[in-house]
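Peer 1: The following block contains the structure, expressed as structure tokens.
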Amino acid sequence: MAEPTEDVLVKVATNAAEDFVKSFYSTLSNETGKLAGFYIKPSPSHPLKPKITINGNLVKDPETFEATLNKQKERPSYDYNSFDAHPLNHNFNVGADDTAPDKDGKKMSIAVMCSGNVKYTLEGGIETHSFSESFVLVPNWDTHKPNAARGLKNWLIASQNFRHIS
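Set out below in structure tokens:
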């Protein structure tokens, strides 16, 4: 099968990043119990585990990350200001049934960089910090299966690095 063109890779990466960023930060700010659905899930055919780093601290798994958020008085509010996306590997195939390149760009990994502000509700009021966050998104192979369930995310987080910058 033919490899995807540069234009296809950039378009798919940009559209995937835009959809991801809108959905992820909305869920992060407003919904409990739904973050795990944004991350890869290890399986015998897909042995990778998500790598989550928050301000230099490695977080065990998505559930631990969400539990940390839920311990706060009020869930933090995340507002992204900008994002950028770049195709990484046009033929990411860890855990894929078919390892041939996909001409539509649906088998690539994507680097996504975001910046914005996060607001924390504390005893003395609201505290705002700027943040920078980077992700590596990989295909959700469950969406490539015949009769895939509706509502699945097309791209999942393989790596996440969040950092306060102020």
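To convert, note that position 138 of the sequence shown is 134 in my numbering; the numbers rise steadily by one, no gaps. Even for Gly, the Cβ is constructed at its ideal location relative to N, Cα and C. In this text the structure is predicted, and so the values were computed from the model without any measurement.
For proline 38 versus leucine 44, is the C-beta distance shorter than 8 Å?
Peer 2: Contact: yes.
Peer 1: By the DSSP assignment, the alpha helix (DSSP H) with methionine 65 in it spans what residues?
Peer 2: The amino acid occupying residue 65 in the given sequence is leucine; methionine does not appear at that position. Looking at the DSSP string, the run of the alpha helix (DSSP H) that includes leucine 65 is 58 to 66.
Peer 1: Are there three or more Cβ pairs, one per stretch, closer than 8 Å when the segment 21 to 28 is compared with the segment 143 to 158?
Peer 2: No: the two stretches stay apart, fewer than three of their Cβ pairs being nearer than 8 Å.
Peer 1: Alpha carbon to alpha carbon, how far is glycine 33 from tyrosine 76? Give it in angstroms, no decimals.
Peer 2: Those two C-alpha atoms are separated by around 20 Å.
Peer 1: Could you work out which residue in Pro0, Thr1, Tyr21 is closest to methionine 109 when comparing CA atoms only?
Peer 2: Nearest C-alpha to methionine 109: Tyr21.
Peer 1: Is the CB-CB distance between alanine 13 and asparagine 150 below 8 Å?
Peer 2: Against a cut-off of 8 Å, the Cβ pair of asparagine 150 and alanine 13 comes out as no contact.
Peer 1: Could you tell me the alpha carbon to alpha carbon distance between asparagine 89 and tryptophan 137, rounded to whole angstroms?
Peer 2: Looking at the two C-alpha atoms, the distance is approximately 9 Å.
Peer 1: Report the residue from Gly101, Glu59, Ala63, His82 whose alpha carbon sits nearest the alpha carbon of glutamate -1.
Peer 2: Comparing Cα-Cα distances from glutamate -1 to each of Gly101, Glu59, Ala63, His82, the minimum goes to Gly101.
Peer 1: Considering serine 162, what are the terminal residues of the beta strand (DSSP E) in which it resides?
Peer 2: Premise fails: serine 162 is in no beta strand (DSSP E) and is neither H nor E.
Peer 1: Starting from the Cα of proline 159, find the closest Cα among Gly112, Ser19, Asn66 and give me that residue.
Peer 2: The residue you asked about is not proline; residue 159 is arginine in the sequence shown. It is Gly112.
Peer 1: On a Cα-Cα basis, can you pick out the residue from Asp93, Val132, Gln68, Lys67 that is closest to tyrosine 35?
Peer 2: Among Asp93, Val132, Gln68, Lys67, the Cα nearest to that of tyrosine 35 is on Val132.
Peer 1: Compare the beta carbon distance of glutamine 156 and threonine 49 with 8 Å and say whether it is the shorter of the two.
Peer 2: Taking 8 Å as the Cβ cut-off, glutamine 156 and threonine 49 qualify as a contacting pair.
Peer 1: Confirm, please, whether the CB-CB distance from proline 83 to alanine 154 is below 8 Å.
Peer 2: No, the Cβ-Cβ distance between alanine 154 and proline 83 is not below 8 Å.
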